[in-house]
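Asks:
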């Protein structure tokens, strides 16, 4: 099974270890993983800024890079949703590109959902000692229905205690460009989120989206909290030797 | 005024990219109005009648109404006298002109003074009949009419409603069907009443007795008891 | 009502710094969200009913002209009057004319957001009439000369101490001398004062949650009973509503009521759901002698057949704002007009112009909670995105956004350039972090770093490392 990894721009820039964790998990599950070279970004910032033409142009650039693979896997619910939900909508009026967008969309999955829903993975060979809590990133949760899958796999990690996060389905305030366009409101939201994380009693917070993680980790660090933030793929792939997000080298 | 009407309708049709509806779709819509299609009805409203009565009581009580079951209408005056006494309410009643409540043996309880008619500001306790009880949510359906003035439902502090058990139905749809069969036209007012008046406008905290009755007491007359 | 949507950012900043408001909002979030969830859980058919409600509203919108005419005919048949208003000014004038024709002085009012939309109270006052809001929350904010901060809980932003202070100030004329402190006392005080107003009113104005075509009825949904006293006691009842509120039959309106009430307050049924059809009948002992329905358009017809049509399904339950983290952070007044939260972010640009209200559809993370709870499944994030597209096309988006997107897209569309730039960025940010793993200040990212640190990259991008490892392409 040939699987293309869409690394995502934030993982590429801020947290390459998530990409390698994803590759490891996919390979362990028997996939042949390839990383199309010319990939950049899925175009969501343009799409959500109202620049439909640019978003369409980027979609037409991404589709040919990925459409030949059996599956396209993304370590982000947000970018995964962009390909699987929004590309077909963006190109709905284009008779040539619409079928290609739909064909791509049908085979695009968020990483954890792909492992569980497509490959039938129910446990991982990983160890992690400590109490973790999990934030349900919005797009993954509400666009892709990712909720029980990460919990299923996390519960199979040796030594890991999962503590549910109150209001785990409430947005952390990242929202792509929102956090820079409305920083005051975003800050309020991430403050609430950080307080919930601290109150959960966990010493690590996990999520499936780099945007939310940068936001939550940045707030926790600013508050002086020792709680560490990691992408769920790192824990599932047993790759937690690297410093957590925002921690010194 | 007709210009506004025409302008709005013209805009609607332009936006819908069509003219006035043709005869065929028009008839289809007319037919739909005359034969209302049923949507999904919550299962809980589709239980047998005996269970509907219990469900009605349970739901009405959950909405803070009090409910009492009597086997005969003749027992109502005594029950009302007792209710007023227990709640420290005055024994002057304003009673709907409807024979089902106006012609009860009130005179057997001389302590209660009675007026028949619409309610006024000073009336503290009213008695009126309900057209139906809807078990699904413990809701009373009360109609306005010459014998059932609407003010009885709202002005007094306590509203006592008489509901014969056979008039309890499972769901709203059944009550509407009974209303369609009962009346040639809609009454001026149809009140669906679920519990006593309340407000949560101060700090989202629920308090009973906002502008309408503080007490809603339902007397079910159930000869099968 | 004066719109301040254009000052959304400043409004939001003020709201975030207002501790009293923040306490109210915390209470709101807990209350409304839990109540809705509990109500939905108690009705196994809830999700099916939402689908059916969506389909029903779509059916009505596709045949809106037919249903409006049929509704009008039915109201007239029962002796009522129907007035059509293209815009706010026409609606205000129609209502003023009705009031003046009966020499009205005092007008009681049930809660109506459309009344807020058309600025009715100010207009009536300017013509010598006294409008009195009778919904407890509306009454409190009318005394305070404020506007609703929530469409179903207008005084949500206030505490009981605020209400006590307001009554202390305004109720001396009714003989209130001491300062009340408990909620039940405050409620009973309002009940007493408003009772005399109900009895004195010449005209009663209510809104209408729905208009039933089958029976020519307007429907109001309340808990207090104020709407019923408003419309039963005076000589004239005016139901002020809009063209998007039609339900063909009693069975149809039942479906909408089942989802409305649970989504709004989490009740199984509101205390009072009242159907009004025509004026009092010849032998009725009470009820109004005149019944008027005012059907307002105000930009709604222009949404039909466009990408915003889905918004016309809205039944004004407030669930979208109750679950919106942005509304939950800043409250309703920050939005600067009548309709706040996600539904307001779609409606306000239509009614006041996107030039005024551009912030509203932008101030969303697209978290999708609003759509997830909407009883008629309005895709609110999608509609907000459409407004952003309108803005972008008309060059109304801020320059920073337009140029920022353009520069970013230039690189994204050139993979080699993009990868060089991201490689450079990863290197530079790591250097700037000086081994701390994060940055607490960064030029051009002041919005981010004002409230949080920016985690730093590890030095090389994934693509660089993949290349070095000779990974599959």
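Chains as they are written, first to last, in the working numbering: chain L, 51 to 299; chain U, 457 to 681; chain E, 12 to 484. Yeah, the Cβ is synthetic: ideal placement off N, Cα and C, and Gly gets one too.
#1: Give me the chain E residues within the contact set of residue 477 of chain U, using Cβ-Cβ distance strictly less than 8 Å, ordered along the chain.
#2: I'd like to know if the segment 108-123 of chain L and the segment 160-177 of chain L are in contact, where contact means that at least 3 CB-CB pairs between them fall below 8 Å.
#3: By Cβ distance below 8 Å, which residues in the same chain neighbour residue 457 of chain U in space, the five residues on each side in sequence not counted?
#4: Taking the CB atoms as reference points, tell me whether residue 157 of chain E and residue 120 of chain E lie closer together than 9 Å.
#5: Relative to chain E, which residues along the segment 604-615 of chain U have a C-beta separation below 8 Å, given in chain order?
#6: Any beta carbon of chain U sitting closer than 9 Å to that of residue 491 of chain E?
#7: Quick check: what's the CA-CA separation for residue 487 of chain E versus residue 662 of chain U?
#8: Less than 9 Å separating the beta-carbons of residue 123 of chain E and residue 257 of chain E?
#9: Express the C-alpha separation of residue 370 of chain E and residue 15 of chain E in angstroms, rounding to a whole number.
#10: On the criterion of 16 or more Cβ atoms from any shown chain inside 10 Å, does residue 103 of chain E qualify as buried, or is it exposed?
#11: How far does the beta strand (DSSP E) with residue 95 of chain E in it extend, from its first residue to its last?
#12: Using CA coordinates, which residue listed in L:130, L:132 and L:207 is at the minimum distance from residue 284 of chain L?
#13: Under a Cβ-count criterion, where at least 16 other Cβ atoms within 10 Å of its own Cβ denotes burial, should residue 177 of chain L be classed as buried or exposed?
#14: Could you tell me whether the Cβ of residue 476 of chain E comes closer than 9 Å to any Cβ of chain L?
#15: Please name the residue, chosen from U:676, U:549 and U:598, that lies closest to residue 517 of chain U on a Cα-to-Cα basis.
#16: Among residues of its own chain, excluding the 5 on either side of residue 132 of chain E, which ones have a beta-carbon nearer than 6 Å to its beta-carbon?
#17: Is residue 513 of chain U close to chain E, meaning its C-beta is less than 9 Å from at least one C-beta of that chain?
#18: Using the three-state DSSP reduction, which class does residue 207 of chain E fall into: helix, strand or coil?
#19: Are residue 420 of chain E and residue 441 of chain E touching if we call contact CB-CB under 9 Å?
#20: Go ahead and label residue 236 of chain L buried or exposed: buried means 16 or more other beta carbons lie within 10 angstroms of its beta carbon, across all protein chains shown.
#21: From the DSSP output, read off the bridge partner residues of residue 316 of chain E.
#22: For residue 142 of chain E, name the three-state secondary structure that DSSP assigns.
#23: So what does DSSP say about residue 466 of chain E, is it helix, strand or coil?
#24: Tell me the rounded alpha-carbon separation between residue 306 of chain E and residue 644 of chain U.
#25: For residue 213 of chain L, return the contacting residues in chain E, with the cut-off set at a CB-CB distance below 8 Å.
#26: Under 8 Å between beta-carbons, which chain L residues line up against residue 459 of chain E? List them in chain order, please.
#27: Helix, strand or coil: how does DSSP classify residue 457 of chain U here?
#28: Using a threshold of 9 Å, state whether the C-beta atoms of residue 89 of chain E and residue 642 of chain U are closer than that.
#29: Does any residue of chain E bring its CB to less than 9 Å from the CB of residue 205 of chain L?
#30: With a threshold of 9 Å between beta-carbons, can residue 12 of chain E be considered close to chain U, or not?
#31: Are residue 288 of chain L and residue 463 of chain E touching if we call contact CB-CB under 9 Å?
#32: By the three-class DSSP mapping on this structure, what secondary structure does residue 659 of chain U have?
#33: Within the continuous alpha helix (DSSP H) that includes residue 338 of chain E, where are the two ends?
#34: Using a Cβ-Cβ distance under 9 Å, would residue 562 of chain U count as near chain E?
#35: Go ahead and label residue 65 of chain L buried or exposed: buried means 16 or more other beta carbons lie within 10 angstroms of its beta carbon, across all protein chains shown.
#36: How far does the alpha helix (DSSP H) with residue 157 of chain L in it reach, from first residue to last?
Replies: Let me lay it out:
#1: Residue mapping note: residue 477 of chain U aligns to position 21 of the second chain, counting from 1. Simply 74, 76 and 77.
#2: yes
#3: Along the second chain, one-based indexing puts residue 457 of chain U at 1. Because residue 457 of chain U sits at a pLDDT of 48, beneath the cut-off of 50, its placement in the model cannot be relied upon, and the point is left open.
#4: Mapped onto the third chain, residue 157 of chain E falls at position 146. Mapped onto the third chain, residue 120 of chain E falls at position 109. Result no, Cβ atoms of residue 157 of chain E and residue 120 of chain E do not sit closer than 9 Å.
#5: 605, 606, 607, 609, 610 and 611
#6: Only positions 12 to 484 of chain E appear in this structure, which leaves residue 491 of chain E out of reach.
#7: The structure shown does not extend to residue 487 of chain E, since chain E is modelled only from 12 to 484, so the question has no answer here.
#8: Here residue 123 of chain E corresponds to residue number 112 of the third chain, with the count starting at 1. Here residue 257 of chain E corresponds to residue number 246 of the third chain, with the count starting at 1. Going by C-beta atoms, residue 123 of chain E is not nearer than 9 Å to residue 257 of chain E.
#9: Counting from 1 along the third chain, the entry for residue 15 of chain E is found at position 4. Counting from 1 along the third chain, the entry for residue 370 of chain E is found at position 359. Approximately 11 Å between the Cα atoms of the pair.
#10: Start at 1 with the first residue of the third chain, and residue 103 of chain E comes out as number 92. Under this definition residue 103 of chain E is a buried residue.
#11: Position 84 of the third chain, counting from 1, holds the residue named residue 95 of chain E. Looking at the DSSP string, the run of the beta strand (DSSP E) that includes residue 95 of chain E is 92-96.
#12: For the purposes of this step, residue 284 of chain L is taken as residue 234 along the first chain, with counting starting at 1. The shortest Cα separation from residue 284 of chain L among L:130, L:132 and L:207 belongs to L:207.
#13: Counting from one through the first chain, the residue named residue 177 of chain L turns up at place 127. That one is exposed.
#14: Start at 1 with the first residue of the third chain, and residue 476 of chain E comes out as number 465. Judged by the 9 Å Cβ criterion, residue 476 of chain E is in contact with chain L.
#15: Translated into positions along the second chain, residue 517 of chain U becomes position 61. Out of U:676, U:549 and U:598, U:676 has the C-alpha closest to the C-alpha of residue 517 of chain U.
#16: By 1-based counting over the third chain, the position of residue 132 of chain E is 121. So the qualifying residues of the chain are 142.
#17: For the purposes of this step, residue 513 of chain U is taken as the residue at position 57 of the second chain. Not closer than 9 Å to any Cβ of chain E, the Cβ of residue 513 of chain U fails to qualify, so no.
#18: The residue labelled residue 207 of chain E in the question sits at position 196 within the third chain. Helix at residue 207 of chain E.
#19: As a position in the third chain, residue 420 of chain E is number 409, starting the count at 1. As a position in the third chain, residue 441 of chain E is number 430, starting the count at 1. Not a contact, by the Cβ cut-off of 9 Å.
#20: As a first step, residue 236 of chain L must be located in the first chain, where it is residue number 186. Buried, by the Cβ-count rule.
#21: Numbered from 1 along the third chain, position 305 holds the residue referred to as residue 316 of chain E. Looking at the DSSP assignment, residue 316 of chain E forms no beta bridge with any residue, so it has no partner.
#22: Working through the third chain from its first residue, we reach residue 142 of chain E at position 131. Three-state result, residue 142 of chain E: strand.
#23: Residue mapping note: residue 466 of chain E aligns to position 455 of the third chain, counting from 1. Of the three classes helix, strand and coil, the one that applies to residue 466 of chain E here is strand, per DSSP.
#24: On the third chain, residue 306 of chain E is found 295 positions in, with the first residue counted as 1. On the second chain, residue 644 of chain U is found 188 positions in, with the first residue counted as 1. Rounded to whole angstroms, residue 306 of chain E to residue 644 of chain U spans 20 Å at the Cα level.
#25: The residue you call residue 213 of chain L lines up with position 163 of the first chain. Those within 8 Å of residue 213 of chain L in chain E number zero; the least Cβ separation is about 21 Å.
#26: Residue 459 of chain E sits at position 448 when you count from the first residue of the third chain. By Cβ distance, chain L contributes 229, 230, 233 and 268.
#27: Taking the first residue of the second chain as position 1, residue 457 of chain U is located at position 1. Because the pLDDT at residue 457 of chain U is just 48, under 50, the model does not fix this residue reliably, and the value given afterwards should be weighed accordingly. Coil, per DSSP.
#28: Position 78 of the third chain holds residue 89 of chain E. Position 186 of the second chain holds residue 642 of chain U. For residue 89 of chain E and residue 642 of chain U, yes; Cβs fall inside 9 Å.
#29: As a position in the first chain, residue 205 of chain L is number 155, starting the count at 1. With 9 Å as the cut-off, residue 205 of chain L does not count as an interface residue toward chain E.
#30: For this step, residue 12 of chain E is matched to residue 1 along the third chain. So, not an interface residue.
#31: Start at 1 with the first residue of the first chain, and residue 288 of chain L comes out as number 238. Start at 1 with the first residue of the third chain, and residue 463 of chain E comes out as number 452. No, they are not a contact pair.
#32: Reading the second chain from its first residue, position 203 is the one you call residue 659 of chain U. It is coil, neither helix nor strand.
#33: Sequence index remark: in the third chain, residue 338 of chain E carries index 327 (1-based). Element bounds for residue 338 of chain E: 336-341.
#34: Looking up residue 562 of chain U in the second chain gives position 106. No, its Cβ sits nowhere closer than 9 Å to a Cβ of chain E.
#35: Taking the first chain and counting its residues from 1, the one referred to as residue 65 of chain L is at position 15. Burial call: buried.
#36: Within the first chain, residue 157 of chain L is the residue found at index 107, counting from 1. Element bounds for residue 157 of chain L: n/a, residue is neither H nor E.
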